[in-house]
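As they're listed, the protein sequences go chains A and B. So in the working numbering, the last one in the first sequence is 255, and the numbering has no gaps at all. So in the working numbering, the last one in the second sequence is 302, and the numbering has no gaps at all. This report concerns only the one structure given below.
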Amino acid sequence: MESTIVKAVNYNAYFGDNHVVKNVNIEIPRNNVVAVMGPSGCGKTTFLRGINRMHELIPGATSTGQIFLNNEDVYEMHPIFVRLKIGMVFQRPNPFPNLSIYDNVIAGYKLNGIKLPKAEKDKIVEQSLTRVALWNEVKDSLTKKGSFLSGGQQQRLCIARAVAMEPEVLLFDEPTSALDPISTSTVEELFHELKKNYTLIIVTHNMQQAARVSDKTAFFYMGELVEYDETKQMFTNPSDIRTQNYITGRFS
Amino acid sequence: MTQLENEILAIKIEVVSMWTLVESQLQKARAAMMHFDRDLAREVVLKEKRVNAFELKLDRDCENIFALYCPVAVDLRFLLAVLKINTNLERIGDIAEGIAKYVIESIGDFDQSIFKKTQLITMFDDSISILADTRIAFEKEDTILARSIFKRDEALDKINGDAIDRVSECIKDDMSVMKDALYVLSIIRKLERVGDQAKNMAEEIIFYVEAKVLKHQKDTAKS
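Spelled out as structure tokens, the structure:
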């Protein structure tokens, strides 16, 4: 039986008085890919950022309710520890432009003041780049700047940077929206590999991507979690008419 | 309406046109048989090409929608149902053509008394009526009407089941009608298949509208 790794209980998020995520209850199974979809402004990214406590970094942003990681309330944990355990990859590839590929991968350790022997760092770099299917492409140019890579490679480098911290959960906020179809396909293939070791939560506007890569899909509308089910079920016979209208493009 | 909705609507209109043509083929095959009208029978054989053309066009149109619009949910179910209904309609077209060919091949007028004894006319009328009602169920997305087809198909199965005995009796009574009787038996077998195809189409309508899979279930479990 699949165990739950992330659980939201009555989770609400606000920007000032604006109630953007409304009483969300959801359980994310371990080693699953969960897609979060919905129209712009539905609260999906805010919900994602609430999972690793990035929402609270925005001035005026507040939240209520609970988010659990392995049955532990993340809002009672140190936020840095939460973000070590729950990594995040953003829409646009954002490698540190002045750092080499090598240093980009281990940037999380450096920024957190964690000192490692060279051999250990080498191992982490190779392992992380291998996990994102980038090692063979960059192993001879590890000292080059990360910004010299193509968009798709940069995004995989960012995923490698997140993976290097050995998180349990990876959050992706529209990770391929800035990539061409070939790079998108490579990253999507990567999701299938990554889920062997991590739990992936992906916010996407691309419904076909949600259908292709995810095991389960959550549909948000106006801050509410309208439907959460197996992806196959959602895309063949959604139970809520709002989900059906959204995925069939009949949303007004 | 979105472009996909327009495309789906166009497909639906196309299916109904094909359906109406197939119904007309079956009605003409009946009339050709009843009145021994070889010209009408030839017309049915010729028009079978139009049924085939409909089948090819519907296949192509569905394929284009799959490729261009990646349909999901009710749209996906509709197109999957249409692909199967398309095949079923084409087969009913073949059945009408087959009956028309019997009329063309036979030497003279059929012995009408065999029609009566074997309930062939009742079966023909029921088949045409079932086919028309299945079309209405498709057009109106009426799953209650679609479900009623299962019971009506059983009546066709009953006539088909009794056919061997009735045809044997006809032959026993008058050996000279043997050839006609065998034609009639073949037509009954074909009409029984019309009922099966209508039943399959009714299942597809329910799948499309309600997302319920009724295939390979006992008829009692379907209602």
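Glycine is no exception: its CB is placed at the ideal position from the N, C-alpha and C atoms. Computed from a prediction, not measured in an experiment: that's the story for all the values here.
Could you check whether residue j and residue i sit closer than 8 Å to each other, using their CB atoms as the reference points?
i	j	result
residue 172/A	residue 29/A	no
residue 238/B	residue 198/B	yes
residue 182/B	residue 260/B	no
residue 125/B	residue 144/B	no
residue 334/A	residue 16/A	Because chain A here runs from 4 to 255, residue 334/A falls outside it and cannot be looked at.
residue 165/B	residue 147/B	no
residue 146/A	residue 103/A	yes
residue 27/A	residue 69/A	no
residue 278/B	residue 285/B	no
residue 223/A	residue 47/A	yes
residue 226/A	residue 58/A	no
residue 104/B	residue 175/B	yes
residue 214/A	residue 238/A	yes
residue 180/A	residue 94/A	yes
residue 106/B	residue 207/B	yes
residue 186/A	residue 149/A	no
residue 33/A	residue 5/A	yes
According to DSSP, is residue i helix, strand or coil?
i	result
residue 22/A	strand
residue 189/B	coil
residue 222/A	strand
residue 116/A	coil
residue 277/A	Since the displayed chain A opens at 4 and closes at 255, residue 277/A lies outside it and no answer follows.
residue 220/B	coil
residue 202/A	strand
residue 10/A	strand
residue 239/B	helix
residue 3/A	In this structure chain A extends from 4 to 255, so residue 3/A is not present and cannot be described.
residue 116/B	coil
residue 147/A	coil
residue 75/A	strand
residue 61/A	coil
residue 84/B	helix
residue 253/B	coil
residue 3/A	Residue 3/A lies beyond the range of chain A shown here (4 to 255); nothing can be said about it.
residue 246/B	helix
residue 135/A	coil
residue 210/B	helix
residue 254/A	coil
residue 167/B	helix
residue 196/B	helix
residue 176/B	helix
residue 207/A	coil
residue 202/B	helix
residue 228/B	helix
residue 111/A	helix
residue 5/A	coil
residue 121/A	helix
With 8 Å as the threshold, decide whether the Cβ of residue i is near any Cβ in chain B.
i	result
residue 241/A	yes
residue 146/A	no
residue 187/A	no
residue 220/A	no
residue 252/A	yes
residue 238/A	yes
residue 69/A	no
residue 157/A	no
residue 212/A	no
residue 130/A	no
residue 94/A	no
On the DSSP letters alone, give me the boundaries of the beta strand (DSSP E) that residue i sits inside.
i	result
residue 40/A	36-40
residue 173/A	172-176
residue 166/A	Element bounds for residue 166/A: not the beta strand (DSSP E) but the alpha helix (DSSP H), 154-167.
For chain A, is any of its Cβ atoms less than 8 Å away from the one on residue i?
i	result
residue 225/B	no
residue 88/B	no
residue 154/B	yes
residue 83/B	yes
residue 161/B	no
residue 149/B	yes
residue 290/B	yes
Just list the residues that DSSP pairs residue i with in beta bridges.
i	result
residue 69/A	12/A
residue 91/A	174/A
residue 154/B	Answer is none; residue 154/B lacks a bridge partner.
residue 29/A	11/A
residue 17/A	22/A and 65/A
residue 231/A	221/A
Would you mind reading off the limits of the alpha helix (DSSP H) that contains residue i?
i	result
residue 275/B	257-289
residue 216/A	210-216
residue 293/B	Unbroken run through residue 293/B: none, as it is neither H nor E.
residue 53/A	47-54
Give a single yes or no on whether residue i has its beta carbon closer than 7 Å to a heavy atom of the ligand GTP.
i	result
residue 283/B	Here there are no bound small molecules, and the ligand GTP is not part of this structure.
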